[in-house]
Amino acid sequence: MNIVRQAAAGSLESSDILVTLAPGDGGLELSLTSSVERYYGGAIRETMRRTLTELGVTSARVEAVDHGALDCTIRARITTAVRRAGEEAEV
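Numbering (this note's numbering), first residue to last: 2 to 92.
Structure below.
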């Protein structure tokens with residue numbers, strides 16, 4: 002999936018995550034701000050990276066502001082942002 006425009010999903014509420022995607026310059030650039038980064042930052046980044054890879058995103062800038070979201074919420078927000086920002090590649 003090609004990211005062709007900036008898009009966001011989520012909120013800044015407790016137990017949620019705000020994910021903003023934009024076209025990248027090659028590769029995945031992840032930026033994470035989290036109230037639980039000290040404990041779960043690595044796991045959050047891995048969930049973000051794995052979800053983007055599963056969706057076929059190879060190039061994007063991703064900014065995430067987390068307030069204790071569960072993995073299922075992180076995946077849902079990333080999936081929604083990708084669908085809003087993306088364009089299916091022709092096969």
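Glycine included, every Cβ here is placed at the ideal spot set by N, Cα and C.
Inter-residue CB distance, residue i and residue j (contact presumed, cutoff 8 Å)
| i | j | result |
| --- | --- | --- |
| I18 | R78 | 5 Å |
| S35 | I45 | 6 Å |
Option in the options with minimal Cα separation from residue i
| i | options | result |
| --- | --- | --- |
| R39 | G69, T80, V83 | G69 |
| E30 | T81, S15, I4, S16 | I4 |
| S15 | D67, T80, G87 | D67 |
| L13 | E64, G87, E88 | E64 |
Where residue i falls, given that 16 or more other Cβ within 10 Å makes a residue buried
| i | result |
| --- | --- |
| D26 | exposed |
| Q7 | exposed |
| G43 | exposed |
| G11 | buried |
| T54 | exposed |
| G150 | Any question about residue 150 goes unanswered here, given that the chain covers just 2 to 92. |
| L22 | buried |
| G28 | exposed |
Residue i in three-state terms, based on DSSP
| i | result |
| --- | --- |
| G42 | helix |
| D72 | helix |
| Y6 | Note that residue 6 is Arg in the sequence shown here, rather than Tyr. Coil. |
| T48 | helix |
| V37 | coil |
| E30 | strand |
| E55 | helix |
Any C-beta of chain B under 7 Å from that of residue i
| i | result |
| --- | --- |
| E88 | No chain B appears in the structure shown, which is made up of a single protein chain. |
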